[in-house]
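Undergrad: Before anything else, here's the structure in question.
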Amino acid sequence: MVPGPFKINDVPLRHVNQSYVIATSTKVDICGVNVEKFDDKYFAKEVEKKKKKGEGEFFEAEKEEKMSLLQEKKDDQKTVDATLIKSIEGLLDLKTYLAARFSLKSGMKPHELVF
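This is how it looks when you write it as structure tokens:
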């Protein structure tokens with residue numbers, strides 16, 4: 051799971067494969083973050099069941115379902131961010147480091163970089 055935090059670097063809660071992550075030596079205390087509800091089902095895409103509805107019912111029902119789901123995920127993001135930001139502010143220059151855009155130039159090898 052990649053938590054962001056969204057407020058610092060605009061990265062939402064995501065489930066990311068380990069092969070796409072670059073490990074660093076920086077440690078952040080996450081003992082206050084409750085991650086019990088974040089499992090594979092939380093990050094899975096919802097399978098939509100096809101229902102026959104009239105045109106008016108179709109558009110109204112779809113909007114209500116998406117709004118409730120989005121609000122739940124936004125609330126989860128805010129609770130995770132609140133505890134992470136407290137930990138991040140305790141470390142020198144970590145907030146600036148997380149807000150910086152990462153890119154590799156020609157000839158740079160990610161396994162040789164030290165963060």
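Counting with the working numbering, you get residues 51 to 165 for the letters of the sequence shown.
Each residue gets a CB set at the ideal place from its N, CA and C atoms; glycine is no exception.
This one's a predicted model, so the numbers in the text were calculated from it and none came from an experiment.
Does chain B have any CB closer than 8 Å to the CB of tyrosine 147?
TA: Among the protein chains of the structure shown there is no chain B, as only one such chain exists.
Undergrad: Hey, could you find the ends of the alpha helix (DSSP H) phenylalanine 56 is sitting in?
TA: Its alpha helix (DSSP H) spans residues 56-59.
Undergrad: According to DSSP, is valine 71 part of a helix, a strand, or is it coil?
TA: If DSSP states are grouped into helix, strand and coil, valine 71 belongs with coil.
Undergrad: Have a look at the DSSP bridge pairing and note the partners of arginine 64.
TA: The partner list for arginine 64 (beta bridge, DSSP) reads Val52.
Undergrad: Answer yes or no: do isoleucine 135 and lysine 87 have a C-beta to C-beta separation smaller than 8 Å?
TA: Cβ distance not < 8 Å, so isoleucine 135 and lysine 87 don't count as in contact.
Undergrad: Between the C-alpha atoms of leucine 63 and aspartate 131, what's the straight-line distance to the nearest angstrom?
TA: The alpha-carbon atoms of leucine 63 and aspartate 131 are separated by roughly 10 Å.
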